[in-house]
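Chains as they are written, first to last, in the numbering used here: chain V, 45 to 515; chain Y, 45 to 515. As structure tokens, the structure follows; a few thoughts come after it.
Number of protein chains: 2
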Amino acid sequence: MSENQSNFSGLKLEWDRSPGHPSLIRQLEHGLRTAVQRGQLPAGARLPASRVLADQLGCSRWVVVQAYEQLVAEGYFASVTGAGTYVQSLPAHDERRHRSSIENISWRYDFAAGIPDLSLFPRREWLAATRSALNTAPSAEFDYGTPAGLLALRTNLAAYLGRVRGAVAVADDLVITNGVVHAVAVMARAMRARGFDRIGVEHPGWIPLRTPFDGSGLTPIPIPVDSEGLDVTELIRSGARAVLISPAHQFPVGSVMSPRRRAALLEWADAVDGLIIEDDYDAEFRYDRNPLAAIQGLLPERVVLVGSVSKSLAPALRLGWMVLPESWKTPALDALRAVDPSVAVISQLAFAEYLSSGGFERHLRRMRKDYAGRRQQLVASMTEHFPNVTVQGISAGLHLMADLGPGSDIAFAAQAAAQQIRVYPVSRYCLNRDIPDQYMNRRAVVLGYGGIPQHRIAEGIKTLSNIASTI
Amino acid sequence: MSENQSNFSGLKLEWDRSPGHPSLIRQLEHGLRTAVQRGQLPAGARLPASRVLADQLGCSRWVVVQAYEQLVAEGYFASVTGAGTYVQSLPAHDERRHRSSIENISWRYDFAAGIPDLSLFPRREWLAATRSALNTAPSAEFDYGTPAGLLALRTNLAAYLGRVRGAVAVADDLVITNGVVHAVAVMARAMRARGFDRIGVEHPGWIPLRTPFDGSGLTPIPIPVDSEGLDVTELIRSGARAVLISPAHQFPVGSVMSPRRRAALLEWADAVDGLIIEDDYDAEFRYDRNPLAAIQGLLPERVVLVGSVSKSLAPALRLGWMVLPESWKTPALDALRAVDPSVAVISQLAFAEYLSSGGFERHLRRMRKDYAGRRQQLVASMTEHFPNVTVQGISAGLHLMADLGPGSDIAFAAQAAAQQIRVYPVSRYCLNRDIPDQYMNRRAVVLGYGGIPQHRIAEGIKTLSNIASTI
């Protein structure tokens, strides 16, 4: 056995003398602790006397005594007066190895819906906004933020939502969230506390927005949607007093709620003393005309308007908002506090800066132009290669729905997948895979264009049509 | 009435012709919509014919027609064939004004516990880490992150926690959270789903960590703590199968869990098939010796180790972690997804960079030295000015507890507050203000030193002692 090395019970201990190495005591503690955790020092084993181990390791006895004491205090060793130091009885652990959980399929064309072009995230501008935030924020801002969020951000957002979305809101009505799922999770908790037990949801609809209801005590009730948006008659029939809708651009059908449905929805909400959660997920992007204003502006007392930067900037930022009716502020803030005290303040500071500098709206204008071109290309290519296609939905957002005729949407998507083309069958967006009549036995698929640049769309759709023609 | 201005029903509409102004159509829509929202255009009012309003405003008729159509689609107006356009019936809204909710007390000395010195947040280093993240991350990272968190960060953290906290963990065992409250909220949901109905909590303890249990279906059961940490006999007696503890440095008492209590705790956990949530909130800061390793390393199958950067960097970052036993990974990830799909990825990238560059540990070394000096000063000042004081707890963290003798802790804190000195009475940390025997009628207060630089501590305590002597 070489100097400065010990080998008792088959255990090898060595010193690390590299620059910045931890103290000898810490190294010895770590070596002994790990040995117990791995079962290399079995329960009941007697440790060498401190003088003996110190001699073997070439360190002072004090180092060994300190390390033993530490491990006695931590519960790894026990010290028995007059009889030395023993290893406590502990379950042994395998040295668990890292198991990669990365999905390894690589797509030639992924028509993912609901994701913006991440390669166009304004890295430089976001960094500049972050720099400005970090350089100028008073230190007090680095504390837990207020649950409602940064006042400067809420003020800027209230003005933006009033101007761009026709919302009725002042800073005090806003709560900053980590995004739309977070907002819905908070509202689910608040609604449950107020005795709500179910909520109407769009069918088909955006399934990740259903996850907050799992185990929440609120049952989601699927309500059909068509080219006029949510079927309000069915909502009334359901007996639910709350609904989660995307009236400006229904996902995935792509319809806008019609004026008569809007009127019926507002009437329903007043009649049942109800609550509307308005998911305004991609309203920044409409290409043929101005987007319809949010219904929140029509009935702010009964509508919670939720939105985020996940489509306009990037999901990675985890920044969103809720505009709350007066009567829901306290329950929503109570629910928020129970999940997490606040949203990352430095991100809020950066977004407030990006909004007030006008950078955010400049970015939106650039993106709107880009996505409009992609959509036009996608519609043209679909029409060219699938003569019988029906493209559904308004010219807006980051996706369209295409009905390719009779057949199985899932089989079609599977055949595309075999050629590394990813399309999204409509049944993916149906709760419990219960398909509405109009999509039964239809090859109806959702095609997103946020992830595919314009110049690749034609080729992607041509390739897809080759597959289709072989079915 | 001047040109380019209209005044019907007392409503004034004007064009904004400043650079970058919105289109005339959007301006008109916005003006009309706001007028309805504010009740300035009452329900049933007939709008001027489009040609008339266009003449008044000096714009083309097309602008007015488009704006009317937009507001019909949105539900603000109704168009009756042959009879013109009317305002729909809507509730009127006050123009709600911003009500400031900022607490306006200014403290001369705020001995806040559990907050680091925010003026020492490493702004420059954090910006550099963010820059590096934004410059080098592949675009795909700007998507929703995986619920478990960024692999690079989990890998770096697992190594750090193994080295510094004696944890048994690989990247796969870690989940990144928004902080410790978020982690506890996620675990509460997961535990409820598994049939747990109560959880032992430290009494006294850190009250904000109780909020996740509100309405969760889990009842928190207060378990007494003393100088050996949590009373495990009382935990056994409670019948709870889960416990939330801070064994490395109990808040607020400041004790470390003794080896015999640790052994009893582990035995209990195995016997009841239980779960221990280990709140490792400030273990980076111990000044007299190495901190005790986390108990997670002793029994990783039954311990969830939770921690965050809220004490080591700043709460504003909202970054934390959980180390999960194998059997709790799926329930915890399900619960996480239901609350929010992921933690801000850009922050995760920056923290991964800050960890791997060694910046984080350098920062910790600087802070440890600084806080050690403050604590020493605080203990010395207390001993000088309050000769009968008992300072409780180990030399660690960002606070101490001082027992100043018989009396009311709340009255003492109130008298200090009248002099703009903020101290924290122990009853603040007791669930339902139910004071344990050893603190009954004691002027026991928590004093934090994260927010007060060393050179101001002596003066603050002297001022406090003047108040005390006048009581």
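Just so it is clear, CB atoms sit at the ideal spot from N, CA and C, and this is done for glycine as well. Nothing here was measured: the structure is a model prediction, and the numbers come from that model.
query: Residue 543 of chain Y versus residue 203 of chain V - alpha carbon distance; result: With chain Y covering only 45 through 515, there is no way to say anything about residue 543 of chain Y.
query: Contact list for the region 67-96 of chain Y against chain V, Cβ threshold 9 Å; result: 67, 69, 70, 73, 74, 77, 78, 80, 81 and 82
query: DSSP state of residue 293 of chain V mapped onto helix, strand, coil; result: coil
query: Outcome for residue 506 of chain V when other beta-carbon atoms lying within 10 angstroms are tallied against a minimum of 16; result: exposed
query: Alpha helix (DSSP H) runs wholly inside the region 161-220 of chain Y, at least 4 long, in chain order; result: 167-180 and 195-209
query: Backbone secondary structure at residue 121 of chain Y - three-state DSSP; result: strand
query: Distance between residue 461 of chain Y and residue 333 of chain V (C-alpha atoms, nearest Å); result: 59 Å
query: Residue-chain proximity (residue 124 of chain Y, chain V), Cβ-Cβ < 8 Å; result: no
query: Residue 158 of chain Y versus residue 273 of chain Y: straight-line alpha-carbon distance, rounded; result: 18 Å
query: Those residues which DSSP pairs with residue 243 of chain Y across a bridge; result: Y:264
query: Alpha-carbon spacing of residue 516 of chain Y relative to residue 395 of chain V, whole angstroms; result: This structure does not reach residue 516 of chain Y, given that chain Y is present from 45 up to 515, and the question cannot be answered.
query: Terminal residues of the beta strand (DSSP E) in which residue 488 of chain Y lies; result: 486-492
query: Close-in-space but distant-in-sequence residues of the same chain around residue 247 of chain Y (CB under 7 Å, 5 per side omitted); result: 266, 267, 268, 269, 474, 475 and 480
query: Residues that residue 78 of chain Y bridges to, as DSSP identifies them; result: Paired residue(s): none; residue 78 of chain Y is not in a bridge.
query: Short Cβ contact (8 Å threshold) for residue 289 of chain Y with residue 328 of chain Y; result: no
query: Expected contact under 8 Å - CB spacing of residue 23 of chain Y and residue 419 of chain Y to nearest Å; result: Only positions 45 to 515 of chain Y appear in the structure, and residue 23 of chain Y is not among them; the question remains open.
query: Opposing strand residues paired with residue 365 of chain Y [DSSP bridges]; result: Y:220 and Y:351
query: Local conformation of residue 496 of chain V per DSSP, three classes; result: coil
query: Listed by chain order, chain Y residues near residue 119 of chain V by CB distance under 8 Å; result: 303, 306, 307, 310, 339 and 342
query: is_contact[residue 433 of chain V, chain Y] using C-beta, thresh 8 Å; result: no
query: Residues that residue 436 of chain Y bridges to, as DSSP identifies them; result: Y:445
query: Cα-Cα separation between residue 249 of chain Y and residue 242 of chain V, rounded to whole angstroms; result: 36 Å
query: Enclosing alpha helix (DSSP H) for residue 398 of chain V [first to last residue]; result: 389-400
query: Within 8 Å, strictly: CB atoms of residue 131 of chain V and residue 92 of chain V; result: no
query: Residues near residue 510 of chain Y in its chain [Cβ-Cβ closer than 7 Å; skip 5 each side]; result: none
query: Alpha-carbon to alpha-carbon, residue 291 of chain V and residue 69 of chain Y; result: 22 Å
query: Those residues which DSSP pairs with residue 86 of chain V across a bridge; result: According to DSSP, residue 86 of chain V bridges with nothing at all.
query: Interface partners of residue 106 of chain V on chain Y, CB under 8 Å; result: By Cβ distance, chain Y contributes nothing, its closest Cβ being about 13 Å from residue 106 of chain V, past 8 Å.
query: Per-residue DSSP class, three states only, for residue 73 of chain Y; result: helix
query: Chain Y contact residues for residue 329 of chain V, given Cβ-Cβ distances below 9 Å; result: None at all; the shortest Cβ gap to chain Y is about 16 Å.
query: Rounded separation between residue 114 of chain V and residue 303 of chain Y - CA only; result: 10 Å
query: Beta-carbon contacts of residue 200 of chain V that lie in its chain and below 7 Å, excluding the five residues immediately before and after; result: 396, 399 and 400
query: Proximity of residue 457 of chain V and residue 489 of chain V at Cβ, strictly below 8 Å; result: yes
query: Burial state of residue 256 of chain V, where buried means 16 or more other Cβ atoms lie within 10 Å; result: buried
query: Validate contact between the region 338-348 of chain V and the region 109-127 of chain Y using beta carbons, cut 8 Å, 3 pairs; result: yes
query: Distance CB(residue 436 of chain Y)-CB(residue 318 of chain Y) smaller than 8 Å; result: no
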